[in-house]
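To start, the structure itself, in structure tokens.
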Amino acid sequence: MEGTGGKHGQDGSPEISLRPLDLSDIDDFMVWAADDKVSRFCSWDTFTSKEAGIDYIKNTVIPHPWFRAICLDNKAIGAISVSANNGSDRCRGEIGYVLASKYWGKGIATKAVKMVASTIFKEWPQLERVEALVDVENGGSQRVLEKAGFQKEGVLRKFCILKGSTRDMVIYSLLSFDPQS
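Rendered as structure tokens:
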């Protein structure tokens, strides 16, 4: 794949890695976090200042129990996280991911989701289910999850307010005993 700037795996797809995102990644973080195309379907608003990005990394990313940078040649080009639920919902976690728009359509997000799916149930043995909520208009993210082995369960109508508008969301899940691709 040309234009990804990284090494490639045996199947020709970009070779990526996951690692903790930290303050030294702020310039790379701002590439996607300041892009309206990227934040369109995200719960957070587009970042408009480096200071806001630093605060977010300090106060949200670093304390998060499972938040990783998606990297090509150790350069952060996106992020992926899993958030665990508590109490009677502790068997479930939610995955979320974001990728700089110049890397869309290259299989990178799919590969990152597969990497997380292959390890999260071992790292967090209390999880039996990882789910993802995707805006019905975000076809790219739906394809990522389907290619990573997640099952589409249905549409949750008028499920949440995103950027001032009530949105329908598609719910996907992967169970601990589902085949990992």
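With this note's numbering applied, the sequence shown corresponds to residues 1164 to 1344, in that order.
We put the CB at the ideal spot given by N, CA and C, even for glycine.
By the C-beta density criterion, Ile1233 is buried, having at least 16 other C-beta atoms within 10 angstroms.
Burial state of Asp1188 is buried, judged by a 10 Å Cβ sphere holding 16 or more other Cβ atoms. Runs of the beta strand (DSSP E) spanning 3 or more residues and lying entirely within the region 1207 to 1231 do not occur at all. Counted as a single uninterrupted DSSP element, the stretch harbouring Gln1343 is not any beta strand (DSSP E), since DSSP gives it neither H nor E. With 16 or more other Cβ atoms from the protein chains shown falling within 10 Å of its own Cβ, Val1297 counts as buried.
In the assembly as shown, Arg1231 is a buried residue. Its beta-carbon has 16 or more other beta-carbons within 10 Å.
Of the residues assessed, Lys1269 falls on the buried side of the cut-off, its CB having 16 or more other CB atoms within 10 angstroms.
The beta carbon of Gly1312 lies closer than 8 Å to those of Lys1277, Ala1280, Leu1337, Asp1341, Pro1342, Gln1343 and Ser1344 in the same chain, with the five residues before and after it left out. In this model, Ile1225 and Asp1218 are separated by some 10 Å (Cα to Cα). Residues of the same chain with a CB within less than 7 Å of the CB of Lys1285, apart from the 5 flanking positions on each side, do not exist. Secondary structure at Glu1291: coil, using DSSP grouped into helix, strand and coil.
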